[in-house]
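Chains as they are written, first to last, in the working numbering: chain A, 1 to 704; chain B, 1001 to 1553.
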């Protein structure tokens, strides 16, 4: 392509050239991404195929977490889904008598946080005819409409009608082809089809139109569609299902005229939103005695998740993104994370290039110095490491289980105390607006929960007899309902509770003594349970701990990132240029790409920039660069230094370039770099002063 | 003349006479307030006129055929032609026939243009004539007269829409009789006056005007009470529309109209409110009746003399005057709450009726009971901003900044939000302008509506708000950013800020006023939340909103 498309750039007869984009030329680095994780910091002690193995482990762990979260979300939304489905199915059953005219049933679903899965759930249930209840529910034929489908009335009506026809199928073969059929956007066409279709089926299903992102629909068009449908409502059982994200429940009232509103019978349904989603997901994923996550997210990430959710983006998507990123980061940071699910075999570990890995493992797992056996061969050494790691894994998970059970007990007690109007702890276990519930989870993970536990113990001492009995019952019930594998480890508290219960019921004067006994026991019990996970050996394999979340990846500050990118391009791009040592801390200006050079000079100027001066200063830098490159090329011909982008093809033969050509090249590079800055918004054009531009960015803290 | 709604007798008489004698080719009916009722009245009238036996006697052998089309539903010319002709010949397309339109013997497509439509009209006319001639033999025997010809009446409802959707049809339609050379009359019914939709240059002839007066209260009451019979059902005795309750219903409607008539004259709206309130209003009576009947069934020896309101047969009888008075007093206050909720359709009638269903044994409650209940119900309705509360914190700040940007004049920004390096206090506006300067009093921006603002201004105000009112989360970042204001500077240029703005635009809490395809210059927005909402948000964020408003009203 290059050959036949060779352009003569020196052609003076043309004012502009089209240089076609040719991706094959210099995009070797854009090869299809390999399914591996990024290189870890401690790469030298990684196993041979460590990246692949860790990726597999990551996928397994993340899938478990994702499945759990999705199940929780489904549980959250199931209630609303059921209501909406019921409403749609019974839309035409028993309307209020005495209305002046029939209204179109409109079900508006306000779903700010749960994402599209909610609506998918609804439509799936609507279309399932088997799941119908017997109480007069009607089947539904569901079609979906997106804002793009309804640019105007004609197209909108045609889409609605053709979708229904495609969905339901055409009932009877048409006997004859009329000369002038009805228009395909005429509602009478739908009417005729519906009659024939319903007759053929022997039942009359509701016609459900799902309008996705309803706020994006053009109100004047929708208004007419509502009007047209309302004229045929007695013959076509149409139901509109509006999906909205607008949190204010009266969007319809605000956007549509009263005349249109009077044609509709709107019923609003709101899905759970806000912190309730976050709390439910976190509690049930990481603090549920029944569920054991593979990777435990540490307080730093949870804190960020809480901040991000309440501050920037309250949706399930945000939670999933952050959890996934945390998983990814965890698995890509340390080669040891390979041990999350299973330990590599003896054969793998005893390979010579695994020795560093093995050393790292055994250094962490070694019980004591004396046991070290100098003449232990690699095989037995790795066997010992494997045994140790397996033991530690079991221990770690059991510790986490203890933590979860302990936290659940605290949660139960707190809820119980609140329900009896005790002040309890200074956070609320209420999912809806539980202030500080997230902080409590963080405290539990950080191990600074003992204060709360002691406080709980103090309160329980003051409980009345009846309350104490109830509390004991509640806790016993909780232990009783634990899954069997967890319950087997919790025999002792159950026995204690039973014993205290029986003492309480046997002697009516024993309240104080039982209460104090209970208080002591519960403090001790929780103290044993709520142990920080960091105390376990090799904890950082399963637990992200205090390692910070890469928040700048998810939510960078645009301006700061762009300026930082211009000032320090080598910190952002790998392999920008091979000849420059990317690790050296400071770079002289000639080593930077053109745009960065120009930007540095930009920062040196006053409020207005004289373009010619700017160009001159740029030229000086390029001249320096040229001479440096010449020297480098002379000394080392093999790694011919090339600047990325601009004029690099010509630089290979820079010996032959005469000064004139060099000047043209400098000019071209200047113009290009300036345009790049212009696109980024750093330049404001003005006609006030000839050859001058206005800076838009000031007061940059340029360290160099 | 038949008249289906009281108060329309004159109109019916006038129009009926015109149509059956020598109708003008173009009639324009304007009704500002109750156009739906006019539609139904005229529809009934035309049906009656088309009724064969009737027209053959009174119109001297002219058969009237009519078509009603809705200008909104017929949004292009083809639909309009099809609707008129199919409706004239009362043809209904069926799926088995391939959804064809009505076709005359002459093979032609008449839905393509005006000319073809005129041919189609003539074909339809010929077809109707021939149909009538077929029936002539019988008609002669029966009524002793045949039809000389067929008269076509085309009614266009909501004719004001023709001006936007089919402007090219407006002139031909008003001259349809001369174009088609048929005995034909076109009637436009609209809420808008003819002078507002009249084509320019006098292209259309002046119509015969009929203006419909807004219905009087008495007529509406009569009309609504007359509706009762249509819905009443004597089958089950526990039925709010039992015939025995008609006198009570008449009283109820009278009270309802007393309360609501000053605000709306539309019989449909009043009927809507009545439909929502009536089941609750009559419930105590029905409950009482049920109880008595059960008692009567339980106890064999019923004292018939004592029970004046109910007969021993268990039939529902109208309640006594005293019960009626009590009901009036109990429900009077709830009528206006019903009106306030239902007229703007803040809720629908069925849901309102369910939510405001009176408790059992209501008649034994104090008379202020319903009033209190209504008050508590309206309080519960205030909780509508629940969704706004669930917004992320930054979105709330953005909304607040947008509200300020839309309300304050741009020139005031520096004074409202600017602050020097050393002084921590914001410069407040010096004095509120004195209104008595003799000039025209300036209208507050909040009453004028939100003004558009550029994205940059929104971001700048957001920065000022965050700097003053946001707590810096204790994170690692705040340790790096030590220069005052630097943290906020980072914060307002974050990706999330921009994505939140776009999300709020998608939710229509902000309106984007500049087209999305325009790349030059910053995008413009306008705030779409009300003052009350903004105040609520400010309260949640602990921002003193009134201090930040240039024109605190």
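Ideal Cβ placement from N, Cα and C applies to all residues, glycine included. Note that the structure is predicted; figures quoted are calculated from it, not measured.
- Residue pairing from DSSP leaves residue 481 of chain A without any beta-bridge partner.
- For residue 1031 of chain B, there is no enclosing alpha helix (DSSP H); the enclosing beta strand (DSSP E) has its first and last residue at 1026-1031.
- Within the same chain, and ignoring the five residues on either side of residue 272 of chain A in sequence, the residues whose Cβ sits closer than 6 Å to its Cβ are 76.
- DSSP, read as helix, strand or coil, puts residue 450 of chain A in helix.
- Interface annotation, residue 1006 of chain B: not in contact with chain A, CB-CB separation never under 8 Å.
- Around residue 1238 of chain B, the same chain offers 1286, 1290 as residues with beta carbons nearer than 7 Å, after the five sequence neighbours per side are excluded.
- By the criterion of a C-beta distance shorter than 8 Å, residue 504 of chain A is surrounded in its chain by 465, 468, 469, 472, 510, 511, 514, once the five residues flanking it on both sides are discounted.
- Residues of chain B whose Cβ lies closer than 8 Å to the Cβ of residue 110 of chain A are, in chain order, 1387.
- For residue 207 of chain A, the uninterrupted beta strand (DSSP E) segment begins and ends at 206-211.
- By alpha-carbon distance to residue 389 of chain A, the top candidate from A:540, A:191, A:109 is A:540.
- For residue 243 of chain A, the pairing in a beta bridge is given by DSSP as A:109.
- A straight line joining the alpha-carbon of residue 1051 of chain B with that of residue 1065 of chain B spans about 9 Å.
- Under the DSSP assignment, residue 75 of chain A falls outside any beta strand (DSSP E), being part of the alpha helix (DSSP H) whose first and last residues are 50-89.
- With a beta-carbon spacing of about 38 Å, residue 211 of chain A and residue 550 of chain A fall beyond the 8 Å limit used to define contacts.
- Against chain A, a Cβ distance below 9 Å from residue 1082 of chain B picks out 180, 182, 183, 186, 188.
- Look at the segment 307-333 of chain A: the residues with a C-beta under 7 Å from a C-beta of chain B are 307, 310, 311, 312, 313, 314.
- Near chain B, meaning a CB-to-CB distance below 8 Å, the residues of the segment 87-98 of chain A are 95, 96, 97, 98.
- Per DSSP, reduced to three states, the secondary structure at residue 1067 of chain B is strand.
- Under the criterion of beta carbons closer than 8 Å, residue 1541 of chain B and residue 1397 of chain B qualify as touching, at roughly 7 Å.
- In the structure shown, residue 22 of chain A falls within a coil segment according to DSSP collapsed to helix, strand and coil.
- Residues of chain A with a Cβ closer than 8 Å to the Cβ of residue 1493 of chain B are, in chain order, 557, 558, 559, 560.
- Interface residue (Cβ-Cβ distance to chain A less than 8 Å): residue 1209 of chain B is not classified as such.
- Counting only the Cα atoms, residue 1515 of chain B lies some 52 Å from residue 1218 of chain B.
- Near chain A, meaning a CB-to-CB distance below 8 Å, the residues of the segment 1229-1255 of chain B are 1231, 1240, 1241.
- For residue 1007 of chain B, the secondary structure class from DSSP, reduced to helix, strand or coil, is coil.
- Sequence-distant Cβ neighbours of residue 682 of chain A in its own chain, meaning closer than 8 Å and more than five residues away, are 599, 602, 695, 696, 697.
- Residue 1408 of chain B sits close to residue 1550 of chain B, with the two beta carbons spaced by under 8 Å.
- Following the DSSP letters along the chain, one finds residue 684 of chain A inside the beta strand (DSSP E) bounded by residues 683-685.
- At a cut-off of 8 Å between beta carbons, residue 1072 of chain B contacts chain A.
- Looking at the DSSP output, residue 1157 of chain B sits in a beta bridge with B:1070, B:1189.
- For residue 195 of chain A, the nearest CB of chain B lies under 8 Å from its own CB, placing it at the interface with that chain.
- Residue-level contact by beta carbon holds for residue 1496 of chain B and chain A, with a gap shorter than 8 Å.
- Between residue 1525 of chain B and residue 1458 of chain B, the gap from beta carbon to beta carbon is short of 8 Å.
- Taking residue 170 of chain A as reference, the option from A:150, A:481, A:193, A:153 with the minimal CA-CA separation is A:193.
- Within the same chain, Cβ atoms closer than 7 Å to the Cβ of residue 1280 of chain B are found at 1353, 1356, 1357, 1358, the five residues on either side in sequence being excluded.
- Around the Cβ of residue 477 of chain A, a 10 Å sphere holds fewer than 16 other Cβ atoms; the residue is exposed.
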